[in-house]
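J.:
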Amino acid sequence: MAAGMRPLIRLRDVWKVYHLGDVEVRALRGVSLDIRAGELLGIIGASGSGKSTCMNLIGCLDQPTRGTYRLGDVDVSTLSVNERAAIRSRRIGFVFQNFNLLGRSTALENVALPMIYANVPFAEQRRRARELLAAVGLHGREEHMPSQLSGGQQQRVAIARALANGPSLLLADEPTGNLDTQSSTEIMDLFLRLRRERRLTIIVVTHEPHIAYYAERVVTFRDGRIVSDVPQAPSSHATEAVRA
Ligand code: ADP
Ligand code: MG
Numbered sequence: 151m152a153a154g155m156r157p158l159i160r161l162r163d164v165w166k167v168y169h170l171g172d173v174e175v176r177a178l179r180g181v182s183l184d185i186r187a188g189e190l191l192g193i194i195g196a197s198g199s200g201k202s203t204c205m206n207l208i209g210c211l212d213q214p215t216r217g218t219y220r221l222g223d224v225d226v227s228t229l230s231v232n233e234r235a236a237i238r239s240r241r242i243g244f245v246f247q248n249f250n251l252l253g254r255s256t257a258l259e260n261v262a263l264p265m266i267y268a269n270v271p272f273a274e275q276r277r278r279a280r281e282l283l284a285a286v287g288l289h290g291r292e293e294h295m296p297s298q299l300s301g302g303q304q305q306r307v308a309i310a311r312a313l314a315n316g317p318s319l320l321l322a323d324e325p326t327g328n329l330d331t332q333s334s335t336e337i338m339d340l341f342l343r344l345r346r347e348r349r350l351t352i353i354v355v356t357h358e359p360h361i362a363y364y365a366e367r368v369v370t371f372r373d374g375r376i377v378s379d380v381p382q383a384p385s386s387h388a389t390e391a392v393r394a
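No gaps in the numbering here: position 155 of the sequence shown is 305 in the numbering used here, and each next residue is one more.
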């Protein structure tokens, strides 16, 4: 395989075993997965099948019990906690089902937050946060509190926040789980557009078939293993996917 074709993400025989007292929970049982830069990958599977565990490993929030994980040129399985934190803040954005916004902070402040930790100068924080809010369709809502925004709008703020430090990888764990169908569709359209405009690699965990439909490739987990990994034909309503 040519060097330029190396996958961005490479998991090899990855196991994750949790210990709860005397009980061993084998959350991942030998997962191998390659993901190319620029892919929009869907991950589906029943509750408890290991989807979030796998996302946490890919997101450098946790380490495999066994097996290897390479992200770009880095062997993540050998890194310290601090080295993983540094990779997370520079390269990875996270989006969650519950948005996880600070309720007493404005949309703009929520988006600026990761830039504070990255020591971005204040004026630059504000400028970039405004630009990101506009990019997710929230121009004019900068001073709104989360409680003044709809669920779909709150998730847009969370997506803008995830992009604050210019990551190349966006991980979304059930991002539409708390949204109605219309808002869910808009969020997936937004992911497709951001992938194209910002050259992102995006992984979306979902249990909703109409959401998985947006991905060009869908991986199915069952009992800690990948049981299928299939490309999908571009769909007619995921119009951006057709053009990409
Ligand atoms: P999914 O996201 O597909 O619902 P998870 O990855 O959250 O599945 O969980 C996979 C399995 O690992 C489940 O049996 C779950 O109970 C277990 N598990 C997940 N996280 C932990 C943890 N921190 N400690 C112990 N068991 C866990
Ligand atoms: Mg989960």
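Don't be surprised by glycine CBs; every beta carbon is placed ideally from N, CA and C. The model shown is predicted, which means the values in this text are computed figures rather than measured ones.
Work out the CA separation of ASN315 and ASP184 for me, nearest whole Å.
T.: For ASP184 and ASN315, the distance between alpha carbons rounds to 25 Å.
J.: Going by DSSP in three states, TYR168 sits in which element: helix, strand or coil?
T.: DSSP places TYR168 in strand when its eight states are reduced to three.
J.: Can you tell me which of GLU189, ALA365, ALA177, ALA196 puts its alpha carbon nearest to the alpha carbon of ASN206?
T.: Answer by Cα proximity: ALA177.
J.: Measure the C-alpha to C-alpha separation of THR256 and TYR363 and round it to an integer number of angstroms.
T.: Between THR256 and TYR363, the C-alpha separation is close to 33 Å.
J.: Using DSSP with H/G/I as helix, E/B as strand and the rest coil, what is LEU344?
T.: Note: LEU344 maps to helix in three-state DSSP.
J.: Exposed or buried, which one is SER386 when buried takes at least 16 other CB atoms within 10 Å?
T.: In this prediction, SER386 has a pLDDT of 42, which is less than 50 and means its spatial position is unreliable; nothing more can be read from the coordinates.
J.: Under a three-way DSSP split, which group does GLU293 fall into?
T.: Coil.
J.: Which term fits ARG393, buried or exposed, when burial requires 16 or more other beta carbons within 10 angstroms of its beta carbon?
T.: For ARG393, the pLDDT reaches just 43, beneath the cut-off of 50, and the residue's location in the model is therefore unreliable, although a value from the coordinates is still provided. By the 10 Å Cβ count, ARG393 comes out exposed.
J.: Which residues neighbour the ligand ADP when neighbourhood means a C-beta less than 5 Å away from any of its non-hydrogen atoms? List them by chain order.
T.: Those satisfying the condition are, in chain order, TYR168, VAL175, ALA177, SER197, GLY198, SER199, GLY200, LYS201, SER202, THR203.
J.: What are the boundary residues of the beta strand (DSSP E) that GLY318 is part of?
T.: Looking at the sequence provided, one finds Ser at residue 318 rather than Gly. Unbroken run through SER318: none, as it is neither H nor E.
J.: So what's PHE272 in DSSP terms, helix, strand or just coil?
T.: Of the three classes helix, strand and coil, the one that applies to PHE272 here is helix, per DSSP.
J.: Whole angstroms are fine: how far does the CA of CYS210 sit from the CA of ILE353?
T.: About 14 Å.
J.: With a floor of 4 residues, list each alpha helix (DSSP H) that falls wholly inside the region 201-268, ordered by position along the chain.
T.: Segments of the alpha helix (DSSP H) lying fully in the region 201-268: 201-208, 231-241, 257-267.
J.: Between PRO381 and the rest of its own chain, which residues show a CB-CB distance below 6 Å, the 5 nearest in sequence each way excluded?
T.: The residues are ARG367.
J.: Confirm the yes/no value for this check: CB of LEU158, any heavy atom of the ligand MN, distance under 6 Å.
T.: Although the ligand MN was asked about, the structure shown includes only the ligand ADP and the ligand MG as ligands.
J.: Using a Cβ-Cβ cutoff of less than 6 Å, which residues in the same chain neighbour ALA310 once the five nearest sequence positions on both sides are dropped?
T.: VAL261, LEU282, LEU283, VAL286.
J.: Thinking THR356 and LEU319 are a contact (beta carbons under 8 Å), I'd like their distance in whole angstroms, please.
T.: Incorrect: roughly 17 Å between the Cβ atoms, too far for contact.
J.: Starting from GLU189, follow its DSSP beta bridges and name the residues at the other end.
T.: Paired residue(s): none; GLU189 is not in a bridge.
J.: Between the alpha carbons of ARG179 and ARG280, how many angstroms are there, rounded?
T.: Spanning the two alpha carbons is a distance of roughly 43 Å.
J.: Assuming the contact rule is C-beta atoms closer than 8 Å, ALA312 and VAL245 should be a hit. Round their C-beta distance to whole Å, please.
T.: The pair is a contact, with the Cβ atoms about 5 Å apart (cut-off 8 Å).
J.: In three-state DSSP terms, what is ALA196?
T.: Three-state result, ALA196: coil.
J.: Identify, in the order they occur along the chain, each residue of the same chain with its Cβ nearer than 6 Å to the Cβ of THR326, setting aside the five sequence neighbours on each side.
T.: Answer for THR326: SER334, ILE337, ILE361, listed in chain order.
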